[in-house]
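Number of protein chains: 2
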Amino acid sequence: MPLTLSEVNRMTADEFVRALGRVFEHSPWIAERAFAARPFASVGALHAAMAEAVRRAQLMLPRAHPELAGKQAQAGTLTRDSTAEQAAAGLGALTPDELRRVAELNRRYREKFGFPFIIAVRRHSKDRIFRELERRLGLAPEAELANGLEQVFVITRLRLEGSIAE
Amino acid sequence: MPLTLSEVNRMTADEFVRALGRVFEHSPWIAERAFAARPFASVGALHAAMAEAVRRAQLMLPRAHPELAGKQAQAGTLTRDSTAEQAAAGLGALTPDELRRVAELNRRYREKFGFPFIIAVRRHSKDRIFRELERRLGLAPEAELANGLEQVFVITRLRLEGSIAE
């Protein structure tokens, strides 16, 4: 006695998770998050909403990073670490032309990959950062996600080394 | 006034997360999980513990899957879906030789990749499943993680299609 899609679309959150929380083994959080995307036009659309919940979880770490010279930098809402790092690389003093260029590259990058461009700015000059942004914009999504995560690990290693004496 | 490593090693969980929760942007859960690995012999060891917390989170989904014809299957502790799927592929009736062979392949696979071999068993015969397990055992870890996740999506799609009528 399978459920029907219209029954699924009428379920409360609790009923939905009870009925479908087991679809991904031992991972009811996926159904919990997919519930918000109701109503589902097809079983495929329901599965796509669950897959999107997984994808968002995978991108959580790179998505937590701010854009370089982006809105947060201009509004002064970067974390203390990011502020110091971006300033040290000269990103706090871009010309209006450079700001427009980086805003456009940031926009294209986020549109393509779903997370911001991440680079250990302390290790690179401003010009090198721009070149890397353009180069990595051309890479395949899987490869670039790996690059982004690798840079997160470089950045966090430098932060630890800068704040703890052995 | 940087911290010293011995100060870090003496911190309570709260102090540790307050001091280091910001190292990964907006992701204090990483420091929370790394705390259990104290004491740290070096800043590098501390960073490795944080990286391991991230890696575990990335592997959460494939790790939630059971082994094929593994301990859970033999103990009868598989989820209802997995039980039906493994039985349909003939994995519930392996010879003692086949059981030994799959146990050895499963062991090598998990040792290499850190998660169990995952395949949409409904789509494959027993022989084909064995061949795939041997083939994928030879792949690179990054590629195989992508394969494992892809199979999770095939399996869950089949489960949804089998339990909801449009």
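First to last, the sequence lines map onto chains A and B.
Heads up, the first sequence is in numbering that gives the first Met the number 0, so the first residue is 0 and it goes up one at a time.
Heads up, the second sequence is in numbering that gives the first Met the number 0, so the first residue is 0 and it goes up one at a time.
C-beta atoms are modelled at their ideal positions from N, C-alpha and C, and glycine is treated no differently.
query, result
"DSSP-derived helix/strand/coil call for A:I163", "strand"
"At least three beta-carbon pairs within less than 8 Å, the region 4-16 of chain B to the region 143-153 of chain A", "no"
"A:H46 to B:E31 span [Cα, whole Å]", "32 Å"
"Reduced DSSP category for B:L82 - H, G, I as helix; E, B as strand; rest coil", "It should be noted that the sequence gives Thr, not Leu, for residue 82 of chain B. Residue state, collapsed to three classes: helix."
"Opening and closing residue of the alpha helix (DSSP H) in which B:A68 lies", "Neither: B:A68 is in no alpha helix (DSSP H) and is coded neither H nor E."
"Residues of its chain near B:L93, where Cβ-Cβ distance is below 6 Å and the 5 sequence neighbours each way are ignored", "A68"
"A:Q73 burial status per 10 Å Cβ neighbour count (16 or more: buried)", "exposed"
"Presumed contact (8 Å Cβ cut-off) between B:I154 and A:L4, rounded CB distance", "Rounded, the Cβ-Cβ distance is 20 Å, inconsistent with contact."
"Cβ separation of B:E165 and A:V42, assumed to be a contact under 8 Å, to the nearest whole Å", "6 Å"
"Proximity below 7 Å, CB of A:H64 to CB of A:I118", "no"
"Collapsed DSSP secondary structure at A:T76 in the structure displayed", "coil"
"Three or more C-beta pairs below 8 Å linking the region 95-111 of chain B and the region 74-83 of chain B", "no"
"Environment of A:P61 [buried if 16+ CB atoms lie within 10 Å]", "buried"
"Collapsed DSSP secondary structure at B:T11 in the structure displayed", "coil"
"Anticipated Cβ contact below 8 Å, B:F23 with B:M59, distance rounded", "With 8 Å as the limit, B:F23 and B:M59 do not qualify as a contact, their Cβ atoms being about 17 Å apart."
"DSSP-derived helix/strand/coil call for B:T3", "strand"
"Spatially closest choice to A:V151 from B:S26, B:I128, B:R17, by CA coordinates", "B:S26"
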